[in-house]
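Colleague: First residue of the sequence shown: 572, per the working numbering; consecutive thereafter. First the structure, which I've put down as structure tokens, then a few questions once you've had a look.
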Amino acid sequence: MNDPDFITPLSLRSRRVLVTGAASGIGRAACELLSRLEARIVAVDIDEAALNGAVQGLAGEGHAQCCFDVGDVERIPGWMADVAQKGGPLFGVVHAAGLSCVQPLRLLSPAAYRKVLLLNTEAALALARGFHKKAVGDAAGGSIVFISSVMASAGAPGAAAYAMSKAALHGLTRSLAMELAPGKIRVNCVAPGFVRTPMFDRMSAPWDAAQLARVEEDHPLGLGAPADVANSIAFLLADTGRWITGSVLTVDGGYTAH
572 MNDPDFITPL SLRSRRVLVT GAASGIGRAA CELLSRLEAR IVAVDIDEAA LNGAVQGLAG
632 EGHAQCCFDV GDVERIPGWM ADVAQKGGPL FGVVHAAGLS CVQPLRLLSP AAYRKVLLLN
692 TEAALALARG FHKKAVGDAA GGSIVFISSV MASAGAPGAA AYAMSKAALH GLTRSLAMEL
752 APGKIRVNCV APGFVRTPMF DRMSAPWDAA QLARVEEDHP LGLGAPADVA NSIAFLLADT
812 GRWITGSVLT VDGGYTAH
């Protein structure tokens with residue numbers, strides 16, 4: 572018999588979730604899915620025009636958008652306090668903004684890898700610090716999801732800077748999970764394989780047909796779509812993930828299975 576009072580544990584009804592990198596790729600797909608699950612989205616990106624389009628396509632009401640550079644890590648905690656003051660406390664944070672870097676070691680400069688670390692890793696830490704501040708995160712607890720990559724655990728030539736930044740997220744996730752658990756804040760990470768996003772298009776632009784085919788063959792289930800990763804983000808954010816913290820969920824079409 573159907574229970575008319577049953578609410579799916581995937582529901583995010585009225586919960587406010589901040590998503591970085593919201594204008595495209597995984598971030599945009601996450602915003603779209605979370606809005607359909609009735610979350611109120613705070614969409615964050617530096618591309619204001621694309622951000623406008625992304626927010627207009629969201630389901631439901633009560634969404635907000637912020638054109639903000641999360642690479643400005645020192646400003647993040649104060650900015651998040653302002654976001655919460657204006658629209659209410661946050662239940663969740665998804666850090667989907669990121670920077671790729673494919674460069675051989677002999678050409679890799681400190682300036683290049685520090686820029687990658689800043690956006691991919693330091694911004695994640697600053698977002699967690701901001702979320703933990705009084706009156707920013709929901710008093711009842713919440714959920715943080717970082718977007719890592721299979722490159723954190725599977726090596727590839729030219730990926731040293733990117734892999735370093737994403738592997739650091741795994742350690743950060745576990746440590747924050749232990750520290751924030753008393754406040755009922757869960758911290759998890761999603762590690763996607765190669766997903767067809769604008770970032771992937773830029774990275775694969777120099778490849779020939781044979782190179783692209785090899786990458787596709789490395790994924791037994793084929794290359795991913797942003798929605799595949801968004802599904803995992805929603806699972807970890809919502810009550811479906813209420814007993815999961817400090818975990819790295821690999822979503823890679825089988826890339827790391829061989």
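Even for Gly, the Cβ is constructed at its ideal location relative to N, Cα and C. Note that the structure is predicted; figures quoted are calculated from it, not measured.
Count the other C-beta atoms from every protein chain shown that fall within 10 angstroms of the C-beta of D653, then say buried if there are 16 or more, exposed otherwise.
Modeller: So D653 ends up on the exposed side.
Colleague: Please confirm whether L589 and A805 have their CB atoms less than 8 angstroms apart.
Modeller: Not in contact: L589 and A805 (Cβ atoms no closer than 8 angstroms).
Colleague: Is it right to say A614 is buried, meaning 16 or more other beta carbons lie within 10 angstroms of its own, or is it exposed?
Modeller: buried
Colleague: Assign I597 to one of three DSSP states: helix, strand, or coil.
Modeller: helix
Colleague: Please look up how many angstroms separate the CB atoms of R599 and F662, rounded, as I've assumed it's under 8 angstroms.
Modeller: Actually they are not in contact, since the Cβ atoms of R599 and F662 sit about 20 angstroms apart, beyond 8 angstroms.
Colleague: From R607 to D810, what distance separates their C-alpha atoms?
Modeller: D810 has its alpha-carbon roughly 16 angstroms from the corresponding atom of R607.
Colleague: For T749, count the other beta carbons within 10 Å of its own beta carbon; 16 or more makes it buried, fewer makes it exposed. Which is it?
Modeller: Looking at the sequence itself, residue 749 is Met, so the reference to Thr does not match. M749 comes out exposed.
Colleague: Measure the C-alpha to C-alpha separation of L604 and Q782 and round it to an integer number of angstroms.
Modeller: 32 angstroms
Colleague: Which same chain residues end up closer than 7 angstroms to E693 when comparing Cβ atoms and leaving out the 5 residues on each side of it in sequence?
Modeller: Only V644 meet the Cβ criterion.
Colleague: Could you give the C-beta distance for G812 and R757, rounded to a whole number, given that I count them as a contact under 8 angstroms?
Modeller: 7 angstroms
Colleague: Do V721 and A762 have their C-beta atoms closer together than 8 angstroms?
Modeller: yes
Colleague: Mind checking whether A601 and D616 have CB atoms under 8 angstroms apart?
Modeller: no
Colleague: Grab me the residues of Y826's own chain with a C-beta within less than 6 angstroms of its C-beta, minus the 5 sequence neighbours each way, in chain order.
Modeller: Same-chain partners within the cutoff: V721, G764, D789 and H790.
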